[in-house]
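Colleague: Here my numbering is used: the first residue of the sequence shown is 458, the next is one more, and so on.
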Amino acid sequence: MGLSESLRSIGKVLKLSRKPDMDELKLSLKICFLGMIAVGIFGFIIQLIASLLLGIRG
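1) Measuring straight from C-alpha to C-alpha, what distance separates residue 463 and residue 494?
2) Can you list, in chain order, the residues of its chain whose CB lies under 8 Å from that of residue 485, leaving out five sequence neighbours each side?
3) To the nearest angstrom, report how far apart residue 466 and residue 474 are at their CA atoms.
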């Protein structure tokens, strides 16, 4: 796939894409924030378990 074909593909995608309305944007932000919170809680739980296990052994 050459450069001109890549640029044409990018142009087609940009022509088909549209700006999200406010409701879609709010929903996307909520999902992203919930995902970040879930990852943070998961990491905290792993760190807590690891520190408890190392605290018992050490």
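By construction, the Cβ of each residue, glycine as well, lies at the ideal position given by its N, Cα and C atoms.
Because the structure is a prediction, the values reported are computed rather than measured.
Modeller: Reading off the structure:
1) 37 Å
2) 477
3) 12 Å
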